[in-house]
Amino acid sequence: MQGLGISVLFKGNNFLRLLGGLGVTLELSLVSIVLSIIFGMAFGLLMTLKNPVIRGFCRIYLETVRIVPQMVLLFLCYFGLAKAFNLQISGEAAAVAVFTFWGAGEMGDLVRGALTSIPRHQLESSAALGLTKKQTYRYVLIPQTLRRLIPQSINLATRMVKTTSLVMLIGIVEVLKVGQQIIEAARYDVPTAAIWIYGVVFALYFFICWPISLLASRLERKWQ
Amino acid sequence: MDWGFINRYTPMYVEAAGLTLRIAAAGIALSFVIGALCCLARYFRVPVLRQITGAYIQLARNTPLLVQLFFLYFGLPKIGVRLSSEGCAVMGLAFLGGAYMAEAFRSGLDAVEKTQVEAGECLGLTNAQNIRYVLFPQALATSIPAICANVIFLIKETSVFSAVALADLMYVAKDLIGMYYKTDEALLMLVIAYLTILLPISALGSWLERRLRYAGFGYQRSV
Numbered sequence: 001m002q003g004l005g006i007s008v009l010f011k012g013n014n015f016l017r018l019l020g021g022l023g024v025t026l027e028l029s030l031v032s033i034v035l036s037i038i039f040g041m042a043f044g045l046l047m048t049l050k051n052p053v054i055r056g057f058c059r060i061y062l063e064t065v066r067i068v069p070q071m072v073l074l075f076l077c078y079f080g081l082a083k084a085f086n087l088q089i090s091g092e093a094a095a096v097a098v099f100t101f102w103g104a105g106e107m108g109d110l111v112r113g114a115l116t117s118i119p120r121h122q123l124e125s126s127a128a129l130g131l132t133k134k135q136t137y138r139y140v141l142i143p144q145t146l147r148r149l150i151p152q153s154i155n156l157a158t159r160m161v162k163t164t165s166l167v168m169l170i171g172i173v174e175v176l177k178v179g180q181q182i183i184e185a186a187r188y189d190v191p192t193a194a195i196w197i198y199g200v201v202f203a204l205y206f207f208i209c210w211p212i213s214l215l216a217s218r219l220e221r222k223w224q
Numbered sequence: 001m002d003w004g005f006i007n008r009y010t011p012m013y014v015e016a017a018g019l020t021l022r023i024a025a026a027g028i029a030l031s032f033v034i035g036a037l038c039c040l041a042r043y044f045r046v047p048v049l050r051q052i053t054g055a056y057i058q059l060a061r062n063t064p065l066l067v068q069l070f071f072l073y074f075g076l077p078k079i080g081v082r083l084s085s086e087g088c089a090v091m092g093l094a095f096l097g098g099a100y101m102a103e104a105f106r107s108g109l110d111a112v113e114k115t116q117v118e119a120g121e122c123l124g125l126t127n128a129q130n131i132r133y134v135l136f137p138q139a140l141a142t143s144i145p146a147i148c149a150n151v152i153f154l155i156k157e158t159s160v161f162s163a164v165a166l167a168d169l170m171y172v173a174k175d176l177i178g179m180y181y182k183t184d185e186a187l188l189m190l191v192i193a194y195l196t197i198l199l200p201i202s203a204l205g206s207w208l209e210r211r212l213r214y215a216g217f218g219y220q221r222s223v
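Order-wise, the sequence lines are chains A and B.
Using the numbering used here, read the first sequence as starting at 1 and increasing by one per residue.
Using the numbering used here, read the second sequence as starting at 1 and increasing by one per residue.
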């Protein structure tokens with residue numbers, strides 16, 4: 001009996017290293033989420049315009065983001081750009097660029113959906129009540145849009161956190177990669193380390209994403 | 001661009017695409033079954049099953065597929081459960097997809113107004129008839145967009161399978177980049193391969209959505 005596999009987690013500073021990896025994961029996600037929200041708002045507004053050329057471009061962009069797997073986008077950005085334009089960017093920069101490109105598209109579609117989901121009579125009723133344009137936006141349109149938008153964007157945020165696990169495949173050392181290193185290092189001492197370490201990584205992701213998605217569904221129910 | 005190279009290695013991509021599609025088809029079919037079972041357990045509030053499926057759905061939805069795969073492929077063999085890459089891939093996809101499908105089905109069932117079922121009862125429909133003619137068609141119409149989105153999402157997720165040594169499209173592309181340094185060609189073929197798979201499915205999805213929009217009551221014109 002070579003001891004319980006979980007012991008490897010508390011050997012040296014393994015657990016701290018794992019948490020450090022988690023920090024990298026969260027940092028990447030946070031930067032991408034913030035950028036996605038900013039660009040997504042602009043993109044969503046752009047999509048509500050009637051101009052056919054703008055509409056066409058928005059559609060193509062959205063479909064691209066929807067259809068090409070994030071993994072492929074990462075490869076295109078990390079390996080493709082380097083080769084095609086001799087542009088050497090770090091893995092982190094590639095990851096943030098790709099997740100922002102993807103997140104802004106998805107966020108934009110949510111913004112568009114929330115904006116266009118408000119029934120026309122809301123606008124007409126505010127006009128009938130004599131609200132000015134500014135008041136209509138301030139008290140009628142924006143609050144309703146946000147109520148629809150916030151739960152969905154929180155869901156998008158958890159999806160982005162989960163998707164950052166892909167970045168280990170372009171060589172960024174985040175929580176999963178650190179886990180792999182710990183397992184490799186303990187290969188001879190603790191052969192069963194893999195199941196424990198990957199189990200812990202699994203749990204870490206779960207306990208980050210779960211509260212966020214609980215919050216989203218609670219807000220959704222509250223604001224329905 | 002080296003077209004000769006592209007020509008030479010297209011068969012490799014075709015083969016990999018076939019593998020990707022087979023795994024995706026198996027995984028998605030299983031996720032439909034798991035999703036339907038979970039959804040029924042939750043909709044009809046079966047006592048213990050309801051809690052179990054609830055926990056499963058949260059667990060699967062809040063963890064990345066890559067981590068689930070690593071656990072299955074590298075973790076489980078340590079306690080004696082050895083799965084092939086293909087087995088892991090299908091199981092991982094079904095585990096993830098089942099939860100997403102359950103949610104999609106549930107949103108469809110929830111969207112059917114209670115009065116519809118009650119009206120069916122008043123008309124003297126049996127329980128089975130009520131489900132078959134009233135509940136199911138309306139629920140399906142509402143959940144089709146979510147189901148289609150899930151199918152596309154799951155096919156896209158197959159791109160992480162290269163990490164558990166499955167020779168899928170990503171794997172072939174990585175291989176060609178590593179061996180010949182033909183990055184442009186390999187990536188171009190990769191994008192084309194995914195587009196060839198996903199564009200028709202996406203188009204089929206929007207066609208289905210339009211065809212099945214018969215249960216949309218109360219559409220309101222919006223701002």
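Glycine included, every Cβ here is placed at the ideal spot set by N, Cα and C.
Quick check: what's the CA-CA separation for B/Y56 versus B/Y100? By one-based count along the second sequence, residue 56 of chain B stands at place 56. By one-based count along the second sequence, residue 100 of chain B stands at place 100. Rounded to the nearest angstrom, the two C-alpha atoms are 11 Å apart.
Buried or exposed for B/M1, please, with buried defined as at least 16 other CB atoms from any protein chain shown within 10 angstroms of its CB. Counting from 1 along the second sequence, the entry for residue 1 of chain B is found at position 1. Per the 10 Å Cβ criterion, exposed.
Express the C-alpha separation of A/V175 and A/G20 in angstroms, rounding to a whole number. Within the first sequence, residue 20 of chain A is the residue found at index 20, counting from 1. Within the first sequence, residue 175 of chain A is the residue found at index 175, counting from 1. Looking at the two C-alpha atoms, the distance is approximately 7 Å.
In terms of alpha-carbon separation, which member of A/S165, A/V8, A/A84 lies closest to A/L204? By 1-based counting over the first sequence, the position of residue 204 of chain A is 204. Nearest of A/S165, A/V8, A/A84 to A/L204, Cα basis: A/S165.
Could you give the DSSP three-state label for B/V223: helix, strand or coil? Within the second sequence, residue 223 of chain B is the residue found at index 223, counting from 1. Unreliable placement is indicated for B/V223, whose pLDDT of 43 sits below 50; the coordinate value is still reported in the next sentence. Three-state result, B/V223: coil.
To the nearest angstrom, how far is the alpha carbon of A/R55 from that of A/L46? Here the question's residue 55 of chain A lines up with position 55 in the first sequence. Here the question's residue 46 of chain A lines up with position 46 in the first sequence. Rounded to whole angstroms, A/R55 to A/L46 spans 8 Å at the Cα level.
Using a beta-carbon distance cut-off of less than 8 Å, what residues from the region 54-83 of chain A approach chain D? Reference to chain D is not applicable here, since the protein chains of this structure are A and B.
What residues in the region 76-93 of chain B have a beta carbon less than 9 Å from any beta carbon of chain A? L76, P77, K78, I79
At the 9 Å Cβ level, is B/A173 part of the contact set with chain A, yes or no? What you label residue 173 of chain B is simply residue 173 of the second sequence in a count that begins at 1. For B/A173, the answer is yes, since a Cβ of chain A falls inside 9 Å of its Cβ.
Cα separation between A/L81 and B/P145? Residue numbering aside, residue 81 of chain A sits at position 81 when the first sequence is read from its first letter. Residue numbering aside, residue 145 of chain B sits at position 145 when the second sequence is read from its first letter. Cα to Cα, the separation comes out at about 34 Å.
A/M168 beta carbon less than 9 Å from that of A/K162: For the purposes of this step, residue 162 of chain A is taken as residue 162 along the first sequence, with counting starting at 1. For the purposes of this step, residue 168 of chain A is taken as residue 168 along the first sequence, with counting starting at 1. No, they are not a contact pair.
Nearest-angstrom Cα separation, counted from B/A165 out to A/I33: In the first sequence, counting from the first residue as 1, residue 33 of chain A sits at position 33. In the second sequence, counting from the first residue as 1, residue 165 of chain B sits at position 165. C-alpha separation (whole angstroms): 31 Å.
Near A/I170, what residues of its chain come up, given a Cβ to Cβ distance below 6 Å and the 5 sequence neighbours on each side ignored? Here residue 170 of chain A corresponds to residue number 170 of the first sequence, with the count starting at 1. Excluding residues within five positions, the ones whose Cβ falls inside 6 Å are L74, Y78, G91.
Tell me whether B/G194 is buried or exposed, calling it buried when 16 or more other Cβ atoms sit within 10 Å of its Cβ. By one-based count along the second sequence, residue 194 of chain B stands at place 194. Correcting the residue identity first, residue 194 of chain B is Tyr in this sequence and not Gly. It counts as buried.
What residue does the alpha helix (DSSP H) around B/S107 start on, and which one ends it? Within the second sequence, numbered from 1, the residue matching residue 107 of chain B stands at position 107. Its alpha helix (DSSP H) spans residues 85-111.
Sub-9 Å separation of B/E63 and B/F161 beta-carbons: Within the second sequence, the letter at position 63 stands for residue 63 of chain B. Within the second sequence, the letter at position 161 stands for residue 161 of chain B. The question names Glu, yet the displayed sequence has Thr at residue 63 of chain B. No, they are not a contact pair.
Going by C-alpha distance, which of B/E209, B/G97, B/S159 is nearest B/S31? Along the second sequence, one-based indexing puts residue 31 of chain B at 31. Checked all of B/E209, B/G97, B/S159; the closest Cα to B/S31 is B/G97.
List, in chain order, every chain B residue whose beta-carbon is nearer than 8 Å to that of A/P191. Within the first sequence, residue 191 of chain A is the residue found at index 191, counting from 1. The contacting residues are K78.
Three or more C-beta pairs under 8 Å: does that hold for the region 87-96 of chain B against the region 68-77 of chain B? yes
Applying the criterion that 16 or more other CB atoms from any shown protein chain within 10 Å of the CB defines a buried residue, is B/V134 buried or exposed? The residue you call residue 134 of chain B lines up with position 134 of the second sequence. The residue is buried, with at least 16 neighbouring Cβ atoms inside 10 Å.
Which value, in whole angstroms, describes the spacing of the CA atoms of A/R120 and B/L140? Residue numbering aside, residue 120 of chain A sits at position 120 when the first sequence is read from its first letter. Residue numbering aside, residue 140 of chain B sits at position 140 when the second sequence is read from its first letter. Each residue's alpha carbon lies about 28 Å from the other.
Work out the CA separation of A/I38 and B/Y219 for me, nearest whole Å. Counted from its first residue, the second sequence places residue 219 of chain B at position 219. Counted from its first residue, the first sequence places residue 38 of chain A at position 38. Confidence in B/Y219 is poor, its pLDDT being 45 and thus under 50, which makes the residue's placement unreliable; the coordinate value appears in the next sentence. Cα-Cα distance, rounded: 31 Å.
For A/K246, report the span of its alpha helix (DSSP H) as first-last. The shown model of chain A, from 1 to 224, leaves out residue 246 of chain A, and the question about it has no answer.
Considering only the beta carbon of each residue, do B/A102 and B/C148 sit closer than 9 Å? Numbered from 1 along the second sequence, position 102 holds the residue referred to as residue 102 of chain B. Numbered from 1 along the second sequence, position 148 holds the residue referred to as residue 148 of chain B. Not a contact, by the Cβ cut-off of 9 Å.
Three Cβ pairs or more, each shorter than 8 Å: is that satisfied between the region 53-69 of chain A and the region 126-133 of chain A? no
Member of B/V14, B/S202, B/A36, B/D175 whose CA lies at the smallest distance from the CA of B/F105: Sequence index remark: in the second sequence, residue 105 of chain B carries index 105 (1-based). For the residues B/V14, B/S202, B/A36, B/D175, the minimum Cα distance to B/F105 belongs to B/A36.
Within 10 Å of its beta-carbon, does A/R218 have 16 or more other beta-carbons around it, so buried, or fewer, so exposed? Here residue 218 of chain A is taken as the residue at index 218 of the first sequence, counted from 1. It is exposed - the Cβ of A/R218 has fewer than 16 other Cβ atoms within 10 Å.
For a test of the three-state rule: what should DSSP assign to A/P52, helix, strand or coil? Counting from 1 along the first sequence, the entry for residue 52 of chain A is found at position 52. A/P52 falls in the helix class under three-state DSSP.
Run of the alpha helix (DSSP H) containing B/K78, from where it starts to where it stops: To locate residue 78 of chain B, count along the second sequence from 1; it is residue 78. Element bounds for B/K78: n/a, residue is neither H nor E.
Neighbourhood of B/T10 by C-beta distance below 8 Å, restricted to the same chain and skipping five residues each side: Sequence index remark: in the second sequence, residue 10 of chain B carries index 10 (1-based). Here the set comprises M189.
Can you name the residues of chain A whose CB is closer than 9 Å to the CB of B/Y194? For the purposes of this step, residue 194 of chain B is identified with residue 194 of the second sequence, where counting begins at 1. In chain order: I67, V68, P69, V72.
So is B/D2 in contact with chain A if we call contact Cβ pairs under 9 Å? Taking the second sequence and counting its residues from 1, one reaches residue 2 of chain B at position 2. So, not an interface residue.
Please decide whether B/N127 counts as near chain A, where near means a Cβ-Cβ distance under 9 Å. In the second sequence, the residue the question calls residue 127 of chain B occupies position 127. No, its Cβ sits nowhere closer than 9 Å to a Cβ of chain A.
Alpha helix (DSSP H) containing A/Q70: first to last residue? Here residue 70 of chain A is taken as the residue at index 70 of the first sequence, counted from 1. Here the alpha helix (DSSP H) through A/Q70 covers 70-75.
Please name the residue, chosen from A/N86, A/K83, A/A42, that lies closest to A/L110 on a Cα-to-Cα basis. The count along the first sequence starts at 1 and reaches residue 110 of chain A at position 110. Measuring from the Cα of A/L110, the nearest candidate turns out to be A/A42.
Which term fits B/R42, buried or exposed, when burial requires 16 or more other beta carbons within 10 angstroms of its beta carbon? Here residue 42 of chain B corresponds to residue number 42 of the second sequence, with the count starting at 1. Counting Cβ neighbours within 10 Å, B/R42 comes out buried, since at least 16 surround it.
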